[in-house]
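Counting along the sequence shown from 1, when you hit position 120 you're at 120 in full-length UniProt numbering, and nothing is skipped either side. Structure record follows, encoded as structure tokens.
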Amino acid sequence: MGKPAKQGAADGNTRILRWAAASALIGVFLIYNSVDAASQNTPSVARPTASAPASISEPESDTSNEDEYADSSESQTAPESRPGPALPRSPASHLDIPSIGVSAPFVPLALDAAGVLVPPPDTEQNLVGWYEGGPSPGERGNAIVAGHVDTKVGPAVFATLSQLKPKGKVAITREDGIVATFVVDKIKTFKKNAFPDEKVYGDTSNAQLRLITCGGVYDHTAKDYTANVVVFAHLSSYRYS
1 MGKPAKQGAA
11 DGNTRILRWA
21 AASALIGVFL
31 IYNSVDAASQ
41 NTPSVARPTA
51 SAPASISEPE
61 SDTSNEDEYA
71 DSSESQTAPE
81 SRPGPALPRS
91 PASHLDIPSI
101 GVSAPFVPLA
111 LDAAGVLVPP
121 PDTEQNLVGW
131 YEGGPSPGER
141 GNAIVAGHVD
151 TKVGPAVFAT
161 LSQLKPKGKV
171 AITREDGIVA
181 TFVVDKIKTF
191 KKNAFPDEKV
201 YGDTSNAQLR
211 LITCGGVYDH
221 TAKDYTANVV
231 VFAHLSSYRY
241 S
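Listed below in structure tokens is the structure:
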């Protein structure tokens, strides 16, 4: 979405990525996933050559209208996933989505005392955050990545996130030198008062990724956006940088 009117941009410091009902449950879902994944024997990753990345079998992408608001009556179960290879744990260091012009470093994110995910600083236009209390990108489970759609000074890193298309590619470079490539399955916009927690954060049997930013319209009274854009993606391949 575009940047809100100037007076909205100056309305205090409360315009952060708050995910309404999702905020209260994100810790439960993601910490569970992380502990569950860690309890399994994750095989070491063979070092593939740069010219021949290791590929992973891919589920079909959802080609439904990614710009349409999701109905609050939509099933709250996690998206279908297939068991598949997963990578060992390693922090994320850089995000690249060439199709929408995104190239940004990561900062680790955590929950505040109320269980709300604290987003990247709203003074940074080109910075994304990874929730380090959950799976890292490429681990089994849902890795959560958040970024601002805009800041007080202009459009931010995820200003064009809603323009991603199914089967689009998302590359995340990790601190262990692995570049994990994810394929987009679907892009959904959810009203914040009807956010499907389990669908977004619930357990999965393979390595998945969620990219989240604000969407809908900017409410100047609430000093927040009315919706969230969520990109659902799965691990497709990996290579060493």
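Built from N, CA and C at the ideal position, the CB exists for glycine as well. Treat the numbers as computed from the prediction; the structure is a model and nothing was measured.
Close-in-space but distant-in-sequence residues of the same chain around residue i (CB under 6 Å, 5 per side omitted)
i    : result
T189 : Y69, G215, A227 and V229
G138 : L87, A180, A207 and L235
G168 : S99 and V184
T213 : G147, V149, F158, L161 and V229
L95  : A104, V128 and I172
V170 : I97, F182 and A233
DSSP-derived helix/strand/coil call for residue i
i           : result
D150        : strand
N126        : coil
T63         : Any reading at T63 needs caution, since the residue's pLDDT is 43, under 50, leaving its predicted position unreliable; the model's value is listed next. Correct three-state label for T63: coil.
N206        : coil
P98         : helix
L111        : strand
S162        : helix
S241        : coil
G138        : coil
V231        : strand
G216        : strand
L117        : strand
D224        : strand
V145        : strand
residue 245 : Absent from the model: residue 245. The displayed extent of the chain is 1 to 241, so no value can be given.
D156        : Per the sequence shown, the amino acid found at residue 156 is Ala instead of Asp. Looking at A156 - three-state DSSP - the assignment turns out to be coil, as it is neither helix nor strand.
P91         : coil
For residue i, the nearest candidate out of the options (CA to CA)
i           : options                   : result
R174        : P121, P135 and D219       : P135
K199        : E139, I144 and L117       : I144
D197        : S93, P120 and N142        : N142
Y218        : A233, A180, K152 and I97  : K152
E124        : T181, G147, S99 and Y238  : G147
K192        : I97, D224 and V170        : D224
G101        : T213, N126 and F182       : N126
P166        : A114, A233 and G154       : A233
S93         : I172, S237, L211 and A110 : I172
I97         : F182, A222 and H220       : F182
residue 249 : L211, H220 and A110       : Absent from the model: residue 249. The displayed extent of the chain is 1 to 241, so no value can be given.
Y201        : H220, L117, G154 and P155 : L117
Residues near residue i in its chain [Cβ-Cβ closer than 7 Å; skip 5 each side]
i    : result
G177 : Y240 and S241
R89  : S136 and E139
A78  : Low confidence applies to A78: its pLDDT is 37, below 50, so where it sits in the model is not reliable enough to give any reading.
Neighbourhood of residue i by C-beta distance below 8 Å, restricted to the same chain and skipping five residues each side
i    : result
D112 : V118
P91  : F106, P108, W130, E132, S136, R174 and E175
If contact is defined by three or more beta carbon pairs under 8 Å, each pair taking one atom from either stretch, is the region 96 to 115 in contact with the region 130 to 144? yes
Counting pairs of Cβ atoms below 8 Å between the region 152 to 169 and the region 195 to 207, do you hit three or more? no
Can you list the alpha helix (DSSP H) stretches of 4 or more residues lying completely in the region 164 to 214, in chain order? 197 to 201
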